[in-house]
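> Chains as they are written, first to last, in the working numbering: chain E, 1114 to 1246; chain D, 2 to 626.
Quick one: the structure is below, and I'll ask about it shortly.
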């Protein structure tokens, strides 16, 4: 969750791109795709924290564990994402679980927080938003 | 110790030196954190000569403290404290935001800032280390610009230091605007754009130290707790209770701008000359439909999200951005100034936010100036060409800018209503205190007592008069002492440190002892809290308030009282003619003194102080008072 401009909060979640560029990029095959959830899975033992997956992701969404040596990528909590549960219990309903469809380009949503923020602040604040970029 | 990061950062700005310090478990067990711990630290270091310490001088200490429950109890907050330039006492002034969590994740429970930097600086805190840096490129800048620059710089630097990490989430910042930089007594310490630790006037303390901002980024986890399963369960329980309550979610406190006036006759109108209005243009439906552009906004872990973001999209005030405005700011830079439209209210509050002026203290002094102008006591010439007629938004905006910059009449008004009343009164050879709606040097919150319809009288008429935080409407004297609104409970939340709004339901308050135990392992419990631990902190704050100084000392016989205006009859509305019953008030005051262990003079009793291990305080009080 990024807040580069107050009010323009940007969730920065894995989009489970159809072509999984992160998985493709891993030089040690530490990344795989779960058959059940279609989320990306990280094998902590195999991961060398090289960062290739971060560079491969169009939104630079994975990030390194601050102290352990492996990449953190959303695994959808094995199918029952906690974030969705809480957002729904709190009645903000900004997040929900969807069935993955073949006809949507989820990869479009894999964007860097700066890029999302730039568009969002204009939508939210209008002309005033330009001063905030 | 569970719940705590384990160390505090002490910063000596004069010597530009920093060191880590720790407090023993016995101290933390007694004073917890936030307000309680601030009180202890301030008393230990400055208590023996409290009355001589200049709040805006280098000897004052600025405290930015978290507590063991910060980051765990839903709704993280930071407690800002020091010797208050308003009351000359100690105020635990809280502000929400991500900063307290970043600080704890960086390994620090708080900052203790002493001295004064030779030039404007800011402090950059990252995992277990901090740096003091030159702030000349941001000194003088308003809120939005300051936050933008520091967010960008901070993020860029984090990425440079550790490029393999991935995208760095922005660090959190607390800072002051021009009003703080210029050492006004009416300025806040700000988080994000619009969140202010206002009560106490610590913006001026921070500015007087040449400290523009503190930035924090912590990559560590929150501290270890005693029972993580139990904490997790309790977070869920508290959250569910908050999710079930609609009031604050739908409207924030923004329905009160109409209701507290129209239904309760307790809202400041034209410097409290009235407390009733029926201006439907100020209804919450108008705020919701005309200016709210984001419906739910909150801070780390908050289940209530009482805030909204407001911005007029068209018209002369388009582009002004603030949050809500919340009730206090609807009242103080709205009805209090004769302003009754959402767009103008947003415009004024956005201006005050950007200048770093506290909405309550700033709005109160603007209203005071407005009344003096109304009565011809201050002329257009006295006001440097400004004519603050009621409802004249631009005039009040001009005046606000002058206050923040300490220009012209602004230099006097920057001292806050009480001191301005004395100063202008001296110049004009008049007693202007009848027009100052203040309590011990601090503007009172926007909840009147004359109609006896608002919460501020439910526990007695001594709500402000006997509060150790003077005019703070969020920390009132209340009987019984165990009630949710009682100052003794607020001390708990302000020391915790977490947001009171997430524990307003009795059901939630009942869980707080379990919560403390699950985090810290300590079983505090109501017995101990209301009889011992809360009182110890209360008496220390009371002692500091009574010692006061250097410019004013409060005499309980005179100053444990409501402002003169609260004894004038309400001029209009359904409670027209009603006012505060003095005899009734004095009875409540006596009852309160008795209940908290103060003598008939309002001084904490010797045996009470000694019982709580505050012998030194007792000696100090007897020697001076």
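For every residue, glycine included, the Cβ atom is placed at its ideal position computed from N, Cα and C.
1) With a CB to CB cut of under 6 Å and the five nearest residues on each side skipped, what residues in its chain are close to residue 600 (chain D)?
2) Could you say if the region 573-593 of chain D and the region 538-545 of chain D meet the contact criterion of at least three C-beta pairs nearer than 8 Å?
3) At what residue ranges does the region 483-528 of chain D contain a whole run of the beta strand (DSSP E), taking only runs of 3 or more?
4) Answer with buried or exposed for residue 385 (chain D), where buried requires no fewer than 16 other C-beta atoms within 10 angstroms of its C-beta.
5) Measure the C-alpha to C-alpha separation of residue 1247 (chain E) and residue 1180 (chain E) and round it to an integer number of angstroms.
6) Give me the chain E residues within the contact set of residue 304 (chain D), using Cβ-Cβ distance strictly less than 7 Å, ordered along the chain.
7) Using a C-beta to C-beta distance shorter than 7 Å, which residues of chain D count as neighbours of residue 1115 (chain E)?
8) To be precise: take each residue of the region 242-257 of chain D, compare its Cβ to all Cβ atoms of chain E, and keep it if any distance is under 7 Å. Which residues remain?
9) Which of the three DSSP states is assigned to residue 188 (chain D) in this structure?
10) Which whole-angstrom value describes the C-beta separation of residue 96 (chain D) and residue 84 (chain D), a residue pair presumed to lie in contact below a C-beta threshold of 8 Å?
11) How about residue 285 (chain D) and residue 255 (chain D): are their beta carbons less than 8 Å apart?
12) Over what stretch of residues does the beta strand (DSSP E) that includes residue 296 (chain D) continue unbroken?
13) Report, in whole angstroms, the separation of the C-beta atoms of residue 112 (chain D) and residue 65 (chain D), which I expect to be a contact under 8 Å.
14) In the region 220-236 of chain D, which residues sit with their C-beta less than 9 Å from some C-beta in chain E, listed in chain order?
15) Please list, in chain order, all residues of the same chain as residue 1140 (chain E) whose beta carbon is under 7 Å from its beta carbon, the five residues on each side excluded.
16) Is it the case that the Cβ atoms of residue 181 (chain D) and residue 360 (chain D) are separated by a distance below 8 Å?
17) Going by CA-CA distance only, name the one from D:369, D:575, D:28 and D:72 that's closest to residue 225 (chain D).
18) Pull up the DSSP beta-bridge partners for residue 424 (chain D), would you.
19) Excluding the five sequence neighbours on either side, which residues of its own chain have a C-beta within less than 6 Å of the C-beta of residue 118 (chain D), listed in chain order?
20) Should residue 171 (chain D) go down as buried or exposed, given a rule of 16 or more other Cβ atoms within 10 Å for buried?
21) Do residue 33 (chain D) and residue 468 (chain D) have their C-beta atoms within less than 8 Å of each other?
22) Count the other C-beta atoms from every protein chain shown that fall within 10 angstroms of the C-beta of residue 47 (chain D), then say buried if there are 16 or more, exposed otherwise.
23) Would you call the region 202-222 of chain D and the region 93-109 of chain D touching, i.e. three or more CB-CB distances under 8 Å?
24) When we look at the beta-carbon of residue 430 (chain D) and count the other beta-carbons within 10 Å, is it buried (16 or more) or exposed?
25) At 8 Å on the CB atoms, spell out the chain D contacts of residue 1186 (chain E), in chain order.
26) To the nearest whole angstrom, what separates the beta carbons of residue 268 (chain D) and residue 380 (chain D), a pair I think is in contact under 8 Å?
27) Can you tell me the Cα-Cα spacing of residue 24 (chain D) and residue 577 (chain D), whole angstroms?
28) Hey, how far is the Cα of residue 127 (chain D) from the Cα of residue 173 (chain D)?
29) Can you list, in chain order, the residues of the region 305-330 of chain D whose Cβ is nearer than 8 Å to any Cβ on chain E?
30) Could you check which residue in E:1209, E:1189, E:1196 and E:1223 has the C-alpha nearest to that of residue 1146 (chain E)?
31) May I ask which residues mark the beginning and end of the beta strand (DSSP E) holding residue 13 (chain D)?
32) Compute the Euclidean distance between the alpha carbons of residue 200 (chain D) and residue 354 (chain D), then round it to the nearest angstrom.
By the coordinates alone:
1) Indexing the second chain from 1 puts residue 600 (chain D) at position 599. The beta carbon of residue 600 (chain D) lies closer than 6 Å to those of 606 in the same chain, with the five residues before and after it left out.
2) By the C-beta criterion, the region 573-593 of chain D is judged not to be in contact with the region 538-545 of chain D, since fewer than 3 inter-stretch pairs fall below 8 Å.
3) Runs found: none.
4) Counting from one through the second chain, the residue named residue 385 (chain D) turns up at place 384. It is exposed - the Cβ of residue 385 (chain D) has fewer than 16 other Cβ atoms within 10 Å.
5) Beyond the ends of chain E as shown, which are 1114 and 1246, falls residue 1247 (chain E); an answer cannot be given.
6) Counting from one through the second chain, the residue named residue 304 (chain D) turns up at place 303. By Cβ distance, chain E contributes 1203.
7) As a first step, residue 1115 (chain E) is located in the first chain; it is residue number 2 there, counting from the start. Close to residue 1115 (chain E), with beta-carbon spacing below 7 Å, are these residues of chain D in chain order: 170 and 171.
8) Sequence-ordered contacts of the region 242-257 of chain D with chain E read 244 [C-beta pairs closer than 7 Å].
9) Taking the second chain and counting its residues from 1, the one referred to as residue 188 (chain D) is at position 187. In this structure, residue 188 (chain D) counts as strand in the three-state DSSP scheme.
10) Residue 96 (chain D) sits at position 95 when you count from the first residue of the second chain. Residue 84 (chain D) sits at position 83 when you count from the first residue of the second chain. Actually they do not touch by this definition, with Cβ atoms about 18 Å apart.
11) Mapped onto the second chain, residue 285 (chain D) falls at position 284. Mapped onto the second chain, residue 255 (chain D) falls at position 254. Yes, the Cβ-Cβ distance between residue 285 (chain D) and residue 255 (chain D) is below 8 Å.
12) Sequence index remark: in the second chain, residue 296 (chain D) carries index 295 (1-based). According to the DSSP assignment, residue 296 (chain D) belongs to the beta strand (DSSP E) that extends over 293-298.
13) As a first step, residue 112 (chain D) is located in the second chain; it is residue number 111 there, counting from the start. As a first step, residue 65 (chain D) is located in the second chain; it is residue number 64 there, counting from the start. That pair is a contact at about 4 Å.
14) Those residues of the region 220-236 of chain D that come within reach of chain E (Cβ to Cβ, closer than 9 Å) are 220, 221 and 222.
15) For the purposes of this step, residue 1140 (chain E) is taken as the residue at position 27 of the first chain. Scanning its chain for C-beta atoms nearer than 7 Å, with the 5 sequence neighbours on each side dropped, one finds around residue 1140 (chain E) the residues 1163 and 1165, in chain order.
16) Start at 1 with the first residue of the second chain, and residue 181 (chain D) comes out as number 180. Start at 1 with the first residue of the second chain, and residue 360 (chain D) comes out as number 359. Between residue 181 (chain D) and residue 360 (chain D), the gap from beta carbon to beta carbon reaches 8 Å or more.
17) Counting from 1 along the second chain, the entry for residue 225 (chain D) is found at position 224. Cα-wise, what sits closest to residue 225 (chain D) is D:72.
18) Your numbering for residue 424 (chain D) matches position 423 in the second chain. Per DSSP, residue 424 (chain D) has no beta-bridge partner at all.
19) Here residue 118 (chain D) refers to the residue found at position 117 when the second chain is read from its first residue. A distance below 6 Å between beta-carbons, with the five flanking residues on each side excluded, links residue 118 (chain D) to the following residues of its chain, in chain order: 14 and 211.
20) Position 170 of the second chain, counting from 1, holds the residue named residue 171 (chain D). Buried, because 16 or more other Cβ atoms sit within 10 Å of the Cβ of residue 171 (chain D).
21) On the second chain, residue 33 (chain D) is found 32 positions in, with the first residue counted as 1. On the second chain, residue 468 (chain D) is found 467 positions in, with the first residue counted as 1. With contacts defined as CB atoms closer than 8 Å, residue 33 (chain D) and residue 468 (chain D) fail to qualify as a contacting pair.
22) If you number the second chain from 1, residue 47 (chain D) lands on position 46. The residue in question, residue 47 (chain D), is buried, as its Cβ has 16 or more Cβ neighbours within 10 Å.
23) With contact defined as three or more Cβ pairs closer than 8 Å, the region 202-222 of chain D and the region 93-109 of chain D are in contact.
24) The residue given as residue 430 (chain D) occupies position 429 in the second chain. Per the 10 Å Cβ criterion, exposed.
25) Position 73 of the first chain, counted from the first residue, corresponds to residue 1186 (chain E). Ordered by position in chain D, no residue passes the 8 Å Cβ test against residue 1186 (chain E), which lies about 10 Å from the chain.
26) Translated into positions along the second chain, residue 268 (chain D) becomes position 267. Translated into positions along the second chain, residue 380 (chain D) becomes position 379. Incorrect: roughly 29 Å between the Cβ atoms, too far for contact.
27) As a first step, residue 24 (chain D) is located in the second chain; it is residue number 23 there, counting from the start. As a first step, residue 577 (chain D) is located in the second chain; it is residue number 576 there, counting from the start. Distance between the alpha carbons of residue 24 (chain D) and residue 577 (chain D): 54 Å.
28) The residue given as residue 127 (chain D) occupies position 126 in the second chain. The residue given as residue 173 (chain D) occupies position 172 in the second chain. Distance between residue 127 (chain D) and residue 173 (chain D), taken at the CA atoms: about 11 Å.
29) From the region 305-330 of chain D, only 306, 310, 312, 314, 319, 320 and 322 have a Cβ closer than 8 Å to chain E.
30) Your numbering for residue 1146 (chain E) matches position 33 in the first chain. Comparing Cα-Cα distances from residue 1146 (chain E) to each of E:1209, E:1189, E:1196 and E:1223, the minimum goes to E:1189.
31) Position 12 of the second chain, counting from 1, holds the residue named residue 13 (chain D). Run containing residue 13 (chain D): 9-13, per the beta strand (DSSP E) assignment.
32) Walking along the second chain from the start, residue 200 (chain D) turns up at place 199. Walking along the second chain from the start, residue 354 (chain D) turns up at place 353. Roughly 14 Å separates the two Cα atoms.
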